[in-house]
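Listed in order, the protein sequences are those of chains A and B.
For the first sequence, the numbering used here assigns the number 152 to the last residue and increments by one with no breaks.
For the second sequence, the numbering used here assigns the number 1666 to the last residue and increments by one with no breaks.
By construction, the Cβ of each residue, glycine as well, lies at the ideal position given by its N, Cα and C atoms.
It should be emphasised that the depicted structure is a prediction, and the values quoted were computed from it without experimental measurement.
Everything below concerns the one structure shown next.
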Amino acid sequence: MTRFRSTILALCLSLTALPALAVQPNEVLKDPAMEARARHISEGLRCLVCQNQSIDDSDAPLAKDLRVLVRERLKEGDSNGQVIDYVVARYGEFVLLRPVFGWHTLLLWLSPLLAVGFGAFGIWRLSRRRPPKADDLSHAEKAEVEALLKRP
Amino acid sequence: MIVEIGHYALALALALSLVQAVMPAWAARSGDAALREVAGPAALGTFACILFAFCALTYAHVTSDFSVQNVVENSHTAKPLIYKISGVWGNHEGSMLLWVLILALFGAWVATAKTSVPPVLRTNTLMVQASVTFVFVLFIITTSNPFARVAPAPLEGNDLNPLLQDFGLAIHPPLLYLGYVGFSVTFAFAVAALIEGRIDAVWARAVRPWALIAWSFLTLGIAMGSYWAYYELGWGGWWFWDPVENASLMPWIAGTALLHSIVVMEKRDALKVWTVLLAILTFSLSLVGTFIVRSGLLTSVHSFASDPSRGVFILAILALFIGGALSLFAWRAPSLRQGGLFAPISREGALVMNNLFLVAACATVFVGTLYPLLLEMLTGEKISVGPPFFNWTFIPLALPLLVIVPFGQALAWKRGDAAAAAQRLLAAFAVALVVALGAAAWTWGGPVMAPVGLGFGAYLIIGSVLEIWARARGYGHNRTRDFGTTWRRAIGLPRSAWGTALAHAGVGVVVLGIAGQGWATEGLATIRPGGQVASGPYVATLDRVGPTKGENFEETTAFLTLRNRAGDYVGTAETGKRFYPSRRMTVTESGLKTIGVSQIYASLGEVMPDGSIGMRLYYKPLVLLIWIGSLIMAAGGGLSLTDRRMRVGAPVKARAKLPPSAVPAE
C-alpha cells in the first residue's frame, strides 16, 4: 500500500526541481495564533497535483503557492471560513479533504448511520423470527425418538 | 534459459490448477474417490511450479539480466543485493507473482495440513482455492507477464524507485499478502460448505486456524506498512486514510469480525449463515483491494481508461468470484439450519454487537473510498474524501466497540448478567478514570480527546488482565482465594484464552499510542551549524552538514545533537537527503531517536546555497506503542493458534455414523 503512495510521492518530488519539505520556515507567519489557524486550514485542503495529500504535507510547488495564499488571506483579516470559501471558489470542491454536507454527499455522510441502523434492524428482525426448535425432527428422527422412549 | 523455464513453469501451474479445480467436480459426479484425491498432489504441484517461476524471476533480478523487461524497468547493477531481491515484488508483475505464490502456498498448506477436516469439505475447498489460483495465474500470463524479454538488451537498468529501496519493501508486501491472500482459504471453505449445503461446528473449527493465520499476518503487514510510511515519507504521519491503505484495512476489519463470529459458531452453533457471509465478504474485500491497487483506477479514472486490459480483467475476476459466491450464498443460505438460541445480554449478544460495529466501520471505509469515483462517474462532480471525513465517521464507530471488548468477555454464554459483568470490570473502570483524569490534569489546556484515549487504552488493558484473573479464580464453589491455586489455574487456562486476552490488551496498547499523538509537537527553523530547533521537551543543535556516500546514492547529511530543555545530553540523530543518480531522484531520510516508547523525529528540509538548512523536529510521545500494540495483537493471534483445540479435531457426533437410512435429511 505504501509502495503505491510512495510512487505518487516520488512523482510529486520529481516535479520539483529542488525538493523541499512541506511547510518551509520562511512561509511561517510571525503571529503564532494566526500560523496555527493557517496550519489548521491547510490540513483540510488537498494538494491538487498529488494523490490524497493535504497542502500542509505536500512538497509540490502548487501546494506551496496555496499555503502562501492561505496565509495572505489570513493576514488581510479573513476568517477561516472566508479563506476556505475563497480557495473553493477558485479550485472547486475537489480541494476540500472533508467533503461538504449536501445532496450529492448525503449518502456518503449518512453511510455510518445507515450501516448501524440497517444492521441493528436486521438483528432485531432476526431475533424475533426464531423457528421453534422441536419441529426440526424429521420423520426418521421422530421414529427413532419413539423407539428410544418405548425401550424398557 | 532459466527465465524461459520459469515462464513455462507458470504455464504448467495454470494447467495444474485447472486440473485441481475440475477433477474433484468431475469426481463428485462420477463418485470416483481416487479421482477426488487428485486435488492434494495437484495443489502441491501448482505451488512447486509457481515457486520455481518466482525463483526464476528472482534469479533474473539478482544477476541483473537486462534482457528481461521487468529487470530493466526495476533494477540497476549498483543496487544493493537485498533490494535486488525485494525489487522482484516492487513492481506490478512481480507483486502479482508473489500474490499467486502465496495463494498457491495456502493451497498446498490446506492440502497437507493434518486436520480432521471431512474429506468432501477438504476436496471442495481445494477445488475453490484452485479456481482462484487458475484465474490469477491466467491474469499474469495474459496481461502482466514478468518474463517478457527485450531485444536488444540495454546495458543498464532504470533502477527501482528510491523510496522503495528500504528494508520495509523487503518485508511489508510479503506479510501483507500472507494476510490478504490467507483469507482466500476461509473463502474457499465457505464456498465449499455452500456447495455441500452443510455447515456446523466442525466447519468452524476447521476454518478458525486459517482465519487466525491470515488475520495475524494482515495485522503485521498493515503495522509494518504504517511504520514504513512513518519513517520513510518524512512528515511523521503514521496513517493517511489513503485509498490504498484503506484497501488493506477493509479486509482486516471484516476479518476481525469473522474471527469473532467463528467463535460463536464453534462454541454455540449460532450465527452460521452470517459467518459464511463474512468469510465470503472478507476475501471479496481482499479482491477489491487488489483491484483498487492494481488497476490504477484510483490514481485517475483516465489512467484506467487508457490501459483498461488489466483493470477490466480484475473486474471480471471480481464479478466471477464475488458475484458467484454471493449467488451461491443466496441460493443455499435459506437451507442452512440455524441453531443456538441466546439472550440479548450474553457473550453471543456482545459478539453480535462487535460484528455490527465492525461491519459498519468497514462499510464506512468502503463508501468513503469509492464514493468520489462513483460520484464522478454518475454526475461528473469531483469531490475528495480525505482524513477528516474518516476521522469523523470511523472514530465514533470504534469507541463503542472498545467499550464492548472487555464487557463481552465478562458476560457468560447464552444468558449473561450485565450488572455482574460491570462489577467484575470495576477495577478497569477505576483505573481508566484515574488515568484519564490524571492525564487531563497533568496537561491542562491541551487536547481533550488524548486523555480520553489514554483512559480507553487503560480500560482495555486492565480489562484483559481482569478476564484472565477472573477465569483463574474460578466461579461459584470452584472459586479460590489462594494465590498459588490462582496462578496454577492461570497457567492451565487454554492458550486461546491467553491469546484473546493478549490481542485485546494489544488493542489497548495501540489506543494508548494513538492517544499520545494528541500531544505531539513540531518545531521548524532555518538553521546554520551551531543553530538550534526545539520541539516539546527537546532541543536539537545542528553540529555540521556534510556529504556521505552510499552504494548507489549520494547523501547530504545533517548531524544533530539532542538535549532536553534542561540541557542534558539525550543522544544524536542524523537526517539527510539522498540523491539517486540512476533515477535523478532525491529522497529524505528521517533521523529517529527513540526514548522509551516515544521518539524524536528529525527531518531535513531545503539546503540553501549559503549553508543554512531547513530543519523540522517532531516529538512524538508514545508513538512506538502503535506498532508494539499491533505486534502484541498479532502475537495474541499466534498464541491462540497453538491452542490444543486447534490441533485436535472437533468431536463428530456419533449420529453421523449411523447407516444412511437413519441419517436425517438436511
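Comparing the C-beta of residue i with each C-beta of chain B, is any distance below 7 angstroms?
| i | result |
| --- | --- |
| residue 52 of chain A | yes |
| residue 81 of chain A | no |
| residue 49 of chain A | no |
| residue 67 of chain A | no |
| residue 101 of chain A | no |
| residue 151 of chain A | no |
| residue 88 of chain A | no |
| residue 46 of chain A | yes |
| residue 111 of chain A | yes |
| residue 121 of chain A | no |
| residue 116 of chain A | yes |
| residue 98 of chain A | yes |
| residue 61 of chain A | no |
| residue 93 of chain A | yes |
| residue 31 of chain A | no |
| residue 108 of chain A | yes |
Determine which residues share a DSSP beta bridge with residue i and list them.
| i | result |
| --- | --- |
| residue 1538 of chain B | B:1535, B:1564 |
| residue 1613 of chain B | B:1527, B:1607 |
| residue 1619 of chain B | B:1521, B:1600 |
| residue 1668 of chain B | There is no way to answer for residue 1668 of chain B, as the model of chain B reaches only from 1001 to 1666. |
| residue 1569 of chain B | B:1563 |
| residue 1579 of chain B | B:1554, B:1586 |
| residue 221 of chain A | Past the boundaries of the shown model lies residue 221 of chain A; chain A is included only from 1 to 152, so the question cannot be answered. |
| residue 1594 of chain B | B:1599 |
| residue 1248 of chain B | DSSP lists no partner for residue 1248 of chain B. |
| residue 1068 of chain B | B:1149 |
Is there at least one Cβ from chain A nearer than 7 angstroms to residue i's Cβ?
| i | result |
| --- | --- |
| residue 1619 of chain B | no |
| residue 1463 of chain B | no |
| residue 1388 of chain B | yes |
| residue 1300 of chain B | Interpretation of residue 1300 of chain B is limited by its pLDDT of 47, a score under 50 that renders its predicted location unreliable; the figure taken from the coordinates is listed afterwards. Not one chain A Cβ lies under 7 angstroms of residue 1300 of chain B. |
| residue 1360 of chain B | yes |
| residue 1384 of chain B | yes |
| residue 1073 of chain B | no |
| residue 1269 of chain B | no |
| residue 1538 of chain B | no |
| residue 1235 of chain B | yes |
| residue 1363 of chain B | yes |
| residue 1303 of chain B | Unreliable positioning characterises residue 1303 of chain B in this predicted model, as indicated by a pLDDT of 48, which lies under 50. A coordinate reading is not provided. |
| residue 1093 of chain B | no |
| residue 1231 of chain B | no |
Who are the neighbours of residue i on chain D, taking C-beta pairs under 7 angstroms?
| i | result |
| --- | --- |
| residue 42 of chain A | Judged by its chain identifiers, the structure shown contains no chain D, and its protein chains are A and B. |
Below 8 angstroms on the Cβ atoms is my contact criterion, and I expect residue i with residue j to pass it. Report the Cβ-Cβ distance as a whole number of Å.
| i | j | result |
| --- | --- | --- |
| residue 1397 of chain B | residue 1361 of chain B | 4 angstroms |
| residue 1173 of chain B | residue 1098 of chain B | 6 angstroms |
| residue 42 of chain A | residue 70 of chain A | 6 angstroms |
| residue 1093 of chain B | residue 1145 of chain B | 7 angstroms |
| residue 1104 of chain B | residue 1047 of chain B | 4 angstroms |
| residue 1630 of chain B | residue 1506 of chain B | 7 angstroms |
| residue 996 of chain B | residue 97 of chain A | Outside the shown range of chain B, which is 1001 to 1666, sits residue 996 of chain B, and nothing can be said about it. |
Confirm the yes/no value for this check: CB of residue i, any heavy atom of the ligand SAH, distance under 6 angstroms.
| i | result |
| --- | --- |
| residue 105 of chain A | With respect to the ligand SAH, the structure shown offers nothing to examine, as it has no ligands at all. |
Select from the segment 1158-1179 of chain B all residues with a C-beta closer than 8 angstroms to any C-beta belonging to chain A, and list them in chain order.
1161, 1162, 1163, 1164, 1168, 1169, 1172, 1173, 1176
Taking beta-carbon pairs under 7 angstroms, can you tell me which members of the segment 1586-1616 of chain B lie near chain A?
1586, 1588, 1603, 1605, 1606, 1614, 1616
Per the contact definition of three or more C-beta pairs closer than 8 angstroms, is the segment 1202-1220 of chain B in contact with the segment 1170-1187 of chain B?
yes
Taking three-plus beta-carbon pairs below 8 angstroms as touching, is the segment 1128-1141 of chain B in contact with the segment 138-150 of chain A?
no
Contact between the segment 1345-1352 of chain B and the segment 1398-1416 of chain B (3+ Cβ pairs under 8 angstroms)
yes
Check whether the segment 1079-1088 of chain B and the segment 1119-1126 of chain B touch, using three or more Cβ-Cβ pairs below 8 angstroms as the test.
no
Pairs of beta-carbons, one from the segment 1248-1258 of chain B and one from the segment 1273-1280 of chain B, closer than 8 angstroms: are there three or more?
yes
The segment 1637-1645 of chain B touching the segment 1497-1513 of chain B, judged by at least three CB pairs closer than 8 angstroms:
yes
Taking one C-beta from the segment 1507-1517 of chain B and one from the segment 1450-1470 of chain B each time, how about it: are there three or more such pairs within less than 8 angstroms?
yes
Closer than 8 angstroms is the cut-off here; do at least three beta carbon pairs connect the segment 1148-1162 of chain B with the segment 1031-1041 of chain B?
no
When the Cβ atoms of the segment 1224-1235 of chain B are set against those of the segment 1316-1325 of chain B, are three or more pairs found closer than 8 angstroms?
no
I want to know whether the segment 1490-1498 of chain B touches the segment 1574-1589 of chain B - three or more CB-CB distances under 8 angstroms.
no
Three Cβ pairs or more, each shorter than 8 angstroms: is that satisfied between the segment 1538-1549 of chain B and the segment 1620-1632 of chain B?
no
The segment 1546-1565 of chain B in contact with the segment 1048-1063 of chain B per 3-pair CB rule at 8 angstroms
no
Along the segment 1503-1537 of chain B, where does the CB come closer than 7 angstroms to a CB of chain A? Name the residues.
1524, 1525, 1526
Hey, is the segment 1455-1475 of chain B in contact with the segment 1519-1535 of chain B, meaning 3+ C-beta pairs nearer than 8 angstroms?
no
Counting Cβ pairs closer than 8 angstroms, one from the segment 1461-1479 of chain B and one from the segment 1600-1611 of chain B, do we hit at least three?
no
Contact set between the segment 1240-1258 of chain B and chain A, restricted to residues whose Cβ is under 8 angstroms from the partner:
1240, 1241, 1242, 1243, 1244, 1245, 1247, 1248
What residues from the segment 1262-1292 of chain B come within 8 angstroms of chain A, judged by C-beta to C-beta, listed N to C?
none
So, does the segment 1363-1371 of chain B touch the segment 1382-1398 of chain B, judging by three or more C-beta pairs under 8 angstroms?
yes
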